[in-house]
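Asks: Protein chains in written order, with the numbering used here: chain A, 1 to 336; chain B, 337 to 672. Encoded as structure tokens, here's the structure I'll be asking about.
2 protein chains.
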Amino acid sequence: MKLCELGEFELIKRIKARVGHGSGILRGIGDDAAQLEIEPGFQLLTSTDLLIEKSHFDFAWTLPEDLGYKAVAVNLSDIAAMGGTPRYLYLGLACPGSAEVERIEAFMDGALELAENHGVILVGGDTCSSPGPWVISVTVEGVVPAGRAIGRDGAQPGDVILVSGTLGDSALGLSLLRQGGVVEEALAMRHHRPQARVELGQALAETGCVTAMIDISDGTVSDLGHILQASGAAGILDVPKLPLSDAFATALRNRPDLVELALAGGEDYELLFTTAEEDLAVILAVGKQLGIPLTPIGKIRSGEPVLYLRDASGHEKSCLAHGFDHFSPTSGSGAS
Amino acid sequence: MKLCELGEFELIKRIKARVGHGSGILRGIGDDAAQLEIEPGFQLLTSTDLLIEKSHFDFAWTLPEDLGYKAVAVNLSDIAAMGGTPRYLYLGLACPGSAEVERIEAFMDGALELAENHGVILVGGDTCSSPGPWVISVTVEGVVPAGRAIGRDGAQPGDVILVSGTLGDSALGLSLLRQGGVVEEALAMRHHRPQARVELGQALAETGCVTAMIDISDGTVSDLGHILQASGAAGILDVPKLPLSDAFATALRNRPDLVELALAGGEDYELLFTTAEEDLAVILAVGKQLGIPLTPIGKIRSGEPVLYLRDASGHEKSCLAHGFDHFSPTSGSGAS
Numbered sequence: 001m002k003l004c005e006l007g008e009f010e011l012i013k014r015i016k017a018r019v020g021h022g023s024g025i026l027r028g029i030g031d032d033a034a035q036l037e038i039e040p041g042f043q044l045l046t047s048t049d050l051l052i053e054k055s056h057f058d059f060a061w062t063l064p065e066d067l068g069y070k071a072v073a074v075n076l077s078d079i080a081a082m083g084g085t086p087r088y089l090y091l092g093l094a095c096p097g098s099a100e101v102e103r104i105e106a107f108m109d110g111a112l113e114l115a116e117n118h119g120v121i122l123v124g125g126d127t128c129s130s131p132g133p134w135v136i137s138v139t140v141e142g143v144v145p146a147g148r149a150i151g152r153d154g155a156q157p158g159d160v161i162l163v164s165g166t167l168g169d170s171a172l173g174l175s176l177l178r179q180g181g182v183v184e185e186a187l188a189m190r191h192h193r194p195q196a197r198v199e200l201g202q203a204l205a206e207t208g209c210v211t212a213m214i215d216i217s218d219g220t221v222s223d224l225g226h227i228l229q230a231s232g233a234a235g236i237l238d239v240p241k242l243p244l245s246d247a248f249a250t251a252l253r254n255r256p257d258l259v260e261l262a263l264a265g266g267e268d269y270e271l272l273f274t275t276a277e278e279d280l281a282v283i284l285a286v287g288k289q290l291g292i293p294l295t296p297i298g299k300i301r302s303g304e305p306v307l308y309l310r311d312a313s314g315h316e317k318s319c320l321a322h323g324f325d326h327f328s329p330t331s332g333s334g335a336s
Numbered sequence: 337m338k339l340c341e342l343g344e345f346e347l348i349k350r351i352k353a354r355v356g357h358g359s360g361i362l363r364g365i366g367d368d369a370a371q372l373e374i375e376p377g378f379q380l381l382t383s384t385d386l387l388i389e390k391s392h393f394d395f396a397w398t399l400p401e402d403l404g405y406k407a408v409a410v411n412l413s414d415i416a417a418m419g420g421t422p423r424y425l426y427l428g429l430a431c432p433g434s435a436e437v438e439r440i441e442a443f444m445d446g447a448l449e450l451a452e453n454h455g456v457i458l459v460g461g462d463t464c465s466s467p468g469p470w471v472i473s474v475t476v477e478g479v480v481p482a483g484r485a486i487g488r489d490g491a492q493p494g495d496v497i498l499v500s501g502t503l504g505d506s507a508l509g510l511s512l513l514r515q516g517g518v519v520e521e522a523l524a525m526r527h528h529r530p531q532a533r534v535e536l537g538q539a540l541a542e543t544g545c546v547t548a549m550i551d552i553s554d555g556t557v558s559d560l561g562h563i564l565q566a567s568g569a570a571g572i573l574d575v576p577k578l579p580l581s582d583a584f585a586t587a588l589r590n591r592p593d594l595v596e597l598a599l600a601g602g603e604d605y606e607l608l609f610t611t612a613e614e615d616l617a618v619i620l621a622v623g624k625q626l627g628i629p630l631t632p633i634g635k636i637r638s639g640e641p642v643l644y645l646r647d648a649s650g651h652e653k654s655c656l657a658h659g660f661d662h663f664s665p666t667s668g669s670g671a672s
């Protein structure tokens with residue numbers, strides 16, 4: 001069935017019928033605004049993203065259910081990067097009237113699957129027509145105990161820089177998908193269904209030992225650059241220490257230039273954060289407990305916010321923290 | 337200058353430089369999520385909208401500063417319709433790299449002008465490229481004292497239906513703008529710069545006498561239909577009582593069919609609400625105090641959620657509460 005046959009109000013009714021209930025939701029879908037109760041002692045965290053067909057995603061190599069999953073994941077990841085707990089989801093969806101209702105429902109399947117996994121409930125949004133591309137807006141509201149949120153601005157000279165998981169898989173996956181060949185499942189999934197590190201972000205915030213944190217969306221170098229700029233400090237990154245998956249390491253052996261993807265590919269949605277040297281053991285214990293690799297990859301230095309990359313021979317070069325610029329004609333990644 | 341020459345990070349820096357500060361904002365633009373303090377005893381209200389070029393707006397007859405103004409207004413209106421106070425604004429903006437930076441800044445001028453008028457502060461958003469149309473997402477968070485929010489679902493048989501201001505001006509203005517002729521300023525402004533009835537919504541909520549409320553975006557008939565459906569009641573609307581501006585009334589004398597625009601044109605952004613007969617005097621006093629006309633236009637009846645339209649001769653006909661359906665090929669309005 002085409003969307004123009006189903007109609008907007010019927011679409012909203014169908015979405016509403018699938019949505020769960022939760023404590024704190026006084027009004028969800030179906031009024032002018034969602035009305036929510038924030039517990040005393042908690043602060044509100046809000047993140048929002050826009051995703052546009054052909055700019056952020058392409059149905060040629062993306063299933064609608066993966067798109068829904070990822071659209072939610074990138075916002076959960078933002079809440080995770082503040083050390084918060086995501087709670088409420090708002091979805092704006094614009095597509096042409098000729099869009100297949102099945103595709104929209106598959107998109108909703110993916111979005112709601114991930115939301116439910118995290119106890120996040122859809123409480124509002126907007127549906128409208130697009131003259132061309134699909135457009136998706138996602139807003140996630142979360143909470144954090146007062147005083148526990150982690151910003152980008154607290155990194156101190158001497159702090160260790162760590163990253164969760166492995167880097168570059170999503171960008172490598174996308175690059176292979178675009179070439180149209182067979183892509184190893186693990187790499188494709190890192191691109192299509194990134195895991196928001198929500199539990200890790202909360203656990204790290206609970207230690208009180210993390211001085212700055214960000215999630216890697218633009219790319220390691222660029223997002224580390226955001227921490228350096230916000231904190232007013234320099235940083236050194238040991239390139240050989242970047243954690244790589246087996247699949248990525250295998251590809252890298254044939255094409256050493258692929259290291260760029262681990263440095264600047266983006267869409268890893270891993271947590272990149274800093275901690276004082278003396279707190280490193282506490283932090284590493286958190287990773288061990290959750291079964292998530294946490295790898296020290298560099299250090300914060302005093303000085304202007306410049307990032308230095310150090311290679312295996314110990315040679316350092318300064319690196320402009322240029323990440324993915326959505327408006328630059330030379331940016332070729334699909335990062336959001 | 338073109339946006340692709342300025343770059344995304346420079347654009348964000350420029351926007352950030354223009355934004356004010358306010359109490360309760362622990363982190364605004366420049367981190368993964370906004371971090372906000374909600375006062376004890378208050379609840380959170382959140383509204384979000386998507387606006388797409390050629391579907392919701394057209395630069396052929398819309399100035400970018402008006403577009404920014406209106407994009408914010410429609411969300412403030414949603415918060416107003418709950419009786420709340422808007423506080424925080426999130427803007428997502430996608431445009432092609434070839435977009436003129438001046439146009440983007442004019443858009444921001446309009447958006448921030450209206451936000452500032454209401455003490456609303458921009459605390460986050462997203463910027464990215466679009467392969468074609470401009471896309472704007474707006475999210476507004478507001479607060480309301482616990483227990484004071486007004487939904488759509490409380491209308492009771494016997495209640496009086498009231499509306500603020502005048503109806504149909506925005507739709508008439510748009511229709512004339514599309515024809516390309518000279519359009520009376522008052523009508524054009526109703527379309528380009530709708531006034532969100534924030535102060536009125538708060539004052540009405542404070543009376544404790546409003547049983548249901550909605551803002552008119554889809555159209556009077558459709559939005560009243562939402563109240564009837566949510567409240568499980570019928571309604572009768574006296575068409576001759578619809579409040580009309582002088583400009584609209586003049587146009588109506590030549591073309592009686594234009595009454596459709598007051599009934600179903602949409603984008604009025606007036607408040608449509610219900611109150612018990614015995615509380616009518618309290619409500620009308622609020623309108624008088626604020627200098628905003630409040631007009632009784634009908635009554636709630638018991639029965640299935642059907643809306644009846646009564647003409648000057650007292651003849652009633654039932655009316656399917658079909659409003660603007662974004663995906664219907666027969667919907668011709670520019671309503672959002």
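C-beta atoms are modelled at their ideal positions from N, C-alpha and C, and glycine is treated no differently.
Does the beta carbon of G490(B) sit closer than 8 Å to a beta carbon anywhere in chain A?
Replies: Here residue 490(B) corresponds to residue number 154 of the second sequence, with the count starting at 1. Cβ-Cβ to chain A under 8 Å: no for G490(B).
Asks: To the nearest angstrom, how far is it from the Cα of T46(A) to the Cα of P592(B)?
Replies: The sequence position of residue 46(A) within the first sequence is 46, counting from 1. The sequence position of residue 592(B) within the second sequence is 256, counting from 1. Taking the straight line joining both Cα atoms gives about 48 Å.
Asks: Measuring only the C-alpha atoms, how far is R637(B) from A548(B)?
Replies: To locate residue 637(B), count along the second sequence from 1; it is residue 301. To locate residue 548(B), count along the second sequence from 1; it is residue 212. The straight-line gap from Cα to Cα measures roughly 14 Å.
Asks: Residues in its own chain within less than 6 Å of L588(B) by CB, not counting five upstream and five downstream?
Replies: Locating residue 588(B) in the second sequence gives position 252, counting from the first residue. Counting only Cβ-Cβ distances below 6 Å, and skipping sequence neighbours, we find L594.
Asks: To the nearest angstrom, how far is the alpha carbon of T330(A) from that of E346(B)?
Replies: Your numbering for residue 330(A) matches position 330 in the first sequence. Your numbering for residue 346(B) matches position 10 in the second sequence. Note that T330(A) scores a pLDDT of 45, beneath 50, so its modelled location is shaky; the value from the coordinates is reported in the next line. Spanning the two alpha carbons is a distance of roughly 16 Å.
Asks: Out of R363(B), G428(B), A416(B), A524(B), state which residue places its alpha-carbon closest to the alpha-carbon of L399(B).
Replies: Your numbering for residue 399(B) matches position 63 in the second sequence. For L399(B), the nearest C-alpha among the options comes from A524(B).
Asks: Taking only beta-carbon atoms, is V135(A) less than 8 Å away from chain B?
Replies: To locate residue 135(A), count along the first sequence from 1; it is residue 135. With 8 Å as the cut-off, V135(A) counts as an interface residue toward chain B.
Asks: How about I15(A) and M108(A): are their beta carbons less than 8 Å apart?
Replies: Position 15 of the first sequence, counted from the start, is the residue given in the question as residue 15(A). Position 108 of the first sequence, counted from the start, is the residue given in the question as residue 108(A). Yes, the pair counts as a contact, with Cβ atoms nearer than the cut-off.
Asks: Just to confirm before moving on: does the CB-CB distance between R190(A) and G173(A) stay below 8 Å?
Replies: The count along the first sequence starts at 1 and reaches residue 190(A) at position 190. The count along the first sequence starts at 1 and reaches residue 173(A) at position 173. In this structure, G173(A) lies closer than 8 Å to R190(A) by Cβ.
Asks: Can you check the stretch 178 to 222 of chain A for any beta strand (DSSP E) of at least 3 residues that lies completely inside it and give the ranges in chain order?
Replies: If we require 3 residues or more, the beta strand (DSSP E) runs fully inside the stretch 178 to 222 of chain A come out as 210 to 215.
Asks: Check the Cβ-Cβ distances between S466(B) and every residue of chain A, and say whether any is below 8 Å.
Replies: Start at 1 with the first residue of the second sequence, and residue 466(B) comes out as number 130. Chain A contact via Cβ: present.
Asks: Enumerate in chain order the residues of its own chain whose CB-to-CB distance from E375(B) is below 8 Å, with the five nearest sequence positions on each side excluded.
Replies: Walking along the second sequence from the start, residue 375(B) turns up at place 39. G360, V479, listed in sequence order.
Asks: By the 10 Å Cβ neighbour count, where 16 or more other Cβ atoms means buried, how is M1(A) classified, buried or exposed?
Replies: Stepping through the first sequence from its first residue, residue 1(A) is reached at position 1. Counting Cβ neighbours within 10 Å, M1(A) comes out exposed, since fewer than 16 surround it.
Asks: Just the Cα atoms here: how many angstroms apart are G68(A) and R103(A)?
Replies: Looking up residue 68(A) in the first sequence gives position 68. Looking up residue 103(A) in the first sequence gives position 103. Approximately 10 Å between the Cα atoms of the pair.
Asks: Check whether chain A comes within 8 Å of L381(B), counting only Cβ atoms and requiring the distance to be less than that.
Replies: Residue 381(B) sits at position 45 when you count from the first residue of the second sequence. By this cut-off, L381(B) is an interface position.
Asks: Is the separation between the beta-carbon of D495(B) and that of T610(B) shorter than 8 Å?
Replies: Position 159 of the second sequence, counted from the first residue, corresponds to residue 495(B). Position 274 of the second sequence, counted from the first residue, corresponds to residue 610(B). Yes, the Cβ-Cβ distance between D495(B) and T610(B) is below 8 Å.
Asks: Excluding the 5 residues flanking S506(B) on each side, which residues of the same chain have their C-beta closer than 6 Å to its C-beta?
Replies: The residue labelled residue 506(B) in the question sits at position 170 within the second sequence. Contacts found: R526, H527, E603, D604.
Asks: Can you confirm whether the stretch 70 to 77 of chain A touches the stretch 124 to 134 of chain A when touching is taken to mean that 3 or more C-beta pairs between the two stretches lie within less than 8 Å?
Replies: Cβ pair count under 8 Å is below three, so no.
Asks: What would DSSP say about P632(B), mapped onto helix, strand or coil?
Replies: Locating residue 632(B) in the second sequence gives position 296, counting from the first residue. In the structure shown, P632(B) sits in a strand (DSSP, three-state: E or B).
Asks: Could you please give me the residues that DSSP links to F57(A) through a beta bridge?
Replies: Position 57 of the first sequence, counting from 1, holds the residue named residue 57(A). The partner list for F57(A) (beta bridge, DSSP) reads E53(A).
Asks: DSSP on L244(A), reduced to helix/strand/coil?
Replies: Start at 1 with the first residue of the first sequence, and residue 244(A) comes out as number 244. Three-state DSSP puts L244(A) in coil, outside helix and strand.
Asks: Taking the C-alpha atoms as reference points, what is the distance between D582(B) and G446(B)?
Replies: Sequence index remark: in the second sequence, residue 582(B) carries index 246 (1-based). Sequence index remark: in the second sequence, residue 446(B) carries index 110 (1-based). Cα to Cα, the separation comes out at about 27 Å.
Asks: For D311(A), count the other beta carbons within 10 Å of its own beta carbon; 16 or more makes it buried, fewer makes it exposed. Which is it?
Replies: Taking the first residue of the first sequence as position 1, residue 311(A) is located at position 311. So D311(A) ends up on the exposed side.
Asks: For K54(A), go through chain B and note every residue whose CB falls closer than 7 Å to its CB, in chain order.
Replies: Sequence index remark: in the first sequence, residue 54(A) carries index 54 (1-based). Going along chain B in sequence order, the residues near K54(A) (Cβ under 7 Å) are P467.
Asks: What are the partner residues of C95(A), as DSSP defines its beta bridges?
Replies: Taking the first residue of the first sequence as 1, we reach residue 95(A) at position 95. Note: C95(A) sits in a beta bridge opposite S129(A).
Asks: Tell me where the beta strand (DSSP E) around V138(A) begins and ends.
Replies: Working through the first sequence from its first residue, we reach residue 138(A) at position 138. Note, V138(A): beta strand (DSSP E), 135 to 145.
Asks: Any beta-carbon of chain B closer than 8 Å to the one on A203(A)?
Replies: Within the first sequence, numbered from 1, the residue matching residue 203(A) stands at position 203. By this cut-off, A203(A) is not an interface position.
Asks: By DSSP's criteria, V163(A) is part of a beta bridge. Which residues make up the other side?
Replies: Counting from 1 along the first sequence, the entry for residue 163(A) is found at position 163. V163(A) is bridged to L272(A), T295(A).
Asks: Return the chain-ordered ranges of every beta strand (DSSP E) run that is complete within the stretch 398 to 432 of chain B and spans a minimum of 3 residues.
Replies: 421 to 431, all fully within the stretch 398 to 432 of chain B.
Asks: Could you name the residues of chain A that A485(B) contacts, counting a contact when the two beta carbons are closer than 8 Å?
Replies: Against the second sequence, residue 485(B) aligns to sequence position 149. Ordered by position in chain A, the residues that pass the 8 Å Cβ test against A485(B) are L26, R27, Q35.
Asks: How far does the beta strand (DSSP E) with E725(B) in it reach, from first residue to last?
Replies: Past the edges of chain B, shown from 337 to 672, lies residue 725(B), and the structure says nothing about it.
Asks: Step through the CB atoms of chain A and report whether any lies within less than 8 Å of the CB of P376(B).
Replies: Numbered from 1 along the second sequence, position 40 holds the residue referred to as residue 376(B). Closer than 8 Å: yes.
Asks: Mind listing the chain A neighbours of E477(B)? Cutoff is C-beta to C-beta under 7 Å, in chain order.
Replies: Counting from one through the second sequence, the residue named residue 477(B) turns up at place 141. Result: T46.
Asks: Starting from M418(B), find everything on chain A with Cβ-Cβ shorter than 9 Å and list it in chain order.
Replies: Taking the second sequence and counting its residues from 1, one reaches residue 418(B) at position 82. Going along chain A in sequence order, the residues near M418(B) (Cβ under 9 Å) are R27, D31, D32, A33, Q35.
Asks: At a Cβ cut of 9 Å, what residues of the stretch 94 to 107 of chain A count as close to chain B, listed as they run along the chain?
Replies: For the stretch 94 to 107 of chain A, which is checked against every Cβ of chain B, the residues closer than 9 Å are A94, C95, P96, G97, A99.
Asks: Which residues in chain B have a C-beta closer than 9 Å to the C-beta of G165(A)? List them in chain order.
Replies: Translated into positions along the first sequence, residue 165(A) becomes position 165. Those do not exist, as G165(A) stays about 17 Å from chain B at its closest Cβ, beyond 9 Å.
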